[in-house]
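See below for the structure under consideration.
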Amino acid sequence: KSLLYKVRRLFPLFTEAQADEFLNGVGGDALTREKHVRQLRRDLERLGETLEFWRESDPKTSVAVKGRELAKSRHTLANQIEDSFRRRILLPDAQGRPVCGLKLDGLRVGDLPVLPADINFDHIKLVSMKNMQLDNTVGGLLGSFKQIESLELDNNELSEWPPVITEMAKLERLCLPDN
Numbered sequence: 388k389s390l391l392y393k394v395r396r397l398f399p400l401f402t403e404a405q406a407d408e409f410l411n412g413v414g415g416d417a418l419t420r421e422k423h424v425r426q427l428r429r430d431l432e433r434l435g436e437t438l439e440f441w442r443e444s445d446p447k448t449s450v451a452v453k454g455r456e457l458a459k460s461r462h463t464l465a466n467q468i469e470d471s472f473r474r475r476i477l478l479p480d481a482q483g484r485p486v487c488g489l490k491l492d493g494l495r496v497g498d499l500p501v502l503p504a505d506i507n508f509d510h511i512k513l514v515s516m517k518n519m520q521l522d523n524t525v526g527g528l529l530g531s532f533k534q535i536e537s538l539e540l541d542n543n544e545l546s547e548w549p550p551v552i553t554e555m556a557k558l559e560r561l562c563l564p565d566n
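Sequential numbering from 388 applies to the sequence shown in the numbering used here.
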């Protein structure tokens with residue numbers, strides 16, 4: 388029961404049955420499950436630290452917004468990434484079914500954060516980053532989301548495909564208009 392509680396604290400939208408199913412999927416014995424949940428908690432802490440450092444740093448690229456609007460957008464982006472890790476964001480896929488996703492549309496944040504490479508975001512199936520004034524450096528963040536099925540990068544400033552797209556074996560839908 389204690390481990391189920393820890394999983395539900397990590398992933399607040401999980402029902403008890405979903406938390407139990409999650410634990411069954413990570414290992415057959417209690418020690419393996421405990422280690423996995425402990426690692427997820429450490430990953431969440433490291434993710435938070437990484438995003439806080441990024442949020443408080445000055446943008447490395449120019450951005451049209453400044454001051455409070457920039458700070459608010461960076462704060463929102465950081466929270467959205469953390470919420471996506473915690474499986475708190477469900478978005479409709481192409482068939483209208485809810486899937487774990489990340490939606491950052493319209494946020495003007497300058498440079499994007501570089502997430503720790505060993506933090507797993509494989510549960511994320513949809514990423515939407517429309518109208519963010521993104522340039523070709525977007526691949527640094529997208530590298531954390533290689534299991535996505537849908538990627539929306541409409542209305543940005545891309546002059547070429549992010550190379551990381553070739554590593555997204557499950558990608559079924561790619562939207563790049565107005566770049």
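Heads up, the beta-carbon is just placed ideally off N, CA and C, and yes, glycines get one too.
This one's a predicted model, so the numbers in the text were calculated from it and none came from an experiment.
Contact check, residue i vs residue j, beta carbons under 7 Å
{"i": "Asp-546", "j": "Val-496", "result": "The identity of residue 546 in the sequence shown is Ser, whereas the question assumes Asp. Against a cut-off of 7 Å, the Cβ pair of Val-496 and Ser-546 comes out as no contact."}
{"i": "Leu-563", "j": "Leu-528", "result": "no"}
{"i": "Val-501", "j": "Gly-526", "result": "no"}
{"i": "Leu-489", "j": "Ile-511", "result": "yes"}
{"i": "Glu-559", "j": "Glu-536", "result": "yes"}
Proximity winner among the options, relative to residue i (alpha-carbon distances)
{"i": "Arg-475", "options": "Val-525, Asn-566, Ala-417 and Thr-402", "result": "Thr-402"}
{"i": "Ile-468", "options": "Leu-457, Gly-454, Glu-456 and Arg-442", "result": "Arg-442"}
{"i": "Gly-493", "options": "Asn-542, Ala-504 and Thr-524", "result": "Asn-542"}
{"i": "Met-516", "options": "Thr-553, Lys-557, Asn-566 and Glu-559", "result": "Asn-566"}
{"i": "Arg-509", "options": "Ser-531, Asn-466 and Tyr-392", "result": "Rather than Arg, the amino acid found at residue 509 in this sequence is Asp. It is Ser-531 whose Cα lies nearest to the Cα of Asp-509."}
{"i": "Leu-491", "options": "Asn-466, Val-394 and Asp-445", "result": "Asn-466"}
{"i": "Leu-400", "options": "Ala-417, Glu-439 and Arg-473", "result": "Arg-473"}
{"i": "Asp-470", "options": "Asn-518, Ser-389, Met-519 and Phe-398", "result": "Phe-398"}
{"i": "Arg-425", "options": "Gly-454, Tyr-392 and Leu-464", "result": "Tyr-392"}
{"i": "Ala-580", "options": "Lys-388, Leu-438 and Arg-429", "result": "Residue 580 lies beyond the range of the chain shown here (388 to 566); nothing can be said about it."}
Whole-angstrom C-beta distance between residue j and residue i, which should lie under 8 Å
{"i": "Gly-415", "j": "His-423", "result": "In fact, because the Cβ distance is near 12 Å, the residues do not count as touching under 8 Å."}
{"i": "Asp-480", "j": "Leu-513", "result": "6 Å"}
{"i": "Arg-420", "j": "Leu-427", "result": "Not quite, the Cβ-Cβ distance comes to about 11 Å (not below 8 Å), so this is no contact."}
{"i": "Val-394", "j": "Ala-406", "result": "4 Å"}
Sequence-distant residues of the same chain with beta carbon closer than 6 Å to residue i, five excluded per side
{"i": "Leu-521", "result": "Asn-543"}
{"i": "Lys-533", "result": "Glu-554 and Met-555"}
{"i": "Lys-447", "result": "Asp-498"}
{"i": "Met-549", "result": "Looking at the sequence provided, one finds Pro at residue 549 rather than Met. These residues qualify, in order along the chain: Val-525, Gly-526 and Leu-529."}
{"i": "Asp-430", "result": "Ile-506"}
{"i": "Lys-557", "result": "Gln-534 and Glu-536"}
Same chain, Cβ closer than 7 Å to residue i, neighbours up to 5 away in sequence not counted
{"i": "Thr-463", "result": "Leu-494"}
Contact set for residue i: own chain, Cβ-Cβ below 8 Å, skip 5 residues either direction
{"i": "Asn-612", "result": "This structure does not reach residue 612, given that the chain is present from 388 up to 566, and the question cannot be answered."}
Contact with chain C by residue i, beta-carbon distance below 7 Å
{"i": "Asp-498", "result": "The question asks about chain C, but that chain is absent: this structure has only one protein chain."}
Open item on the list: Pairs of beta-carbons, one from the segment 423-435 and one from the segment 476-489, closer than 8 Å: are there three or more?
Closed with: With the cut-off at 8 Å, the segment 423-435 and the segment 476-489 do not touch.
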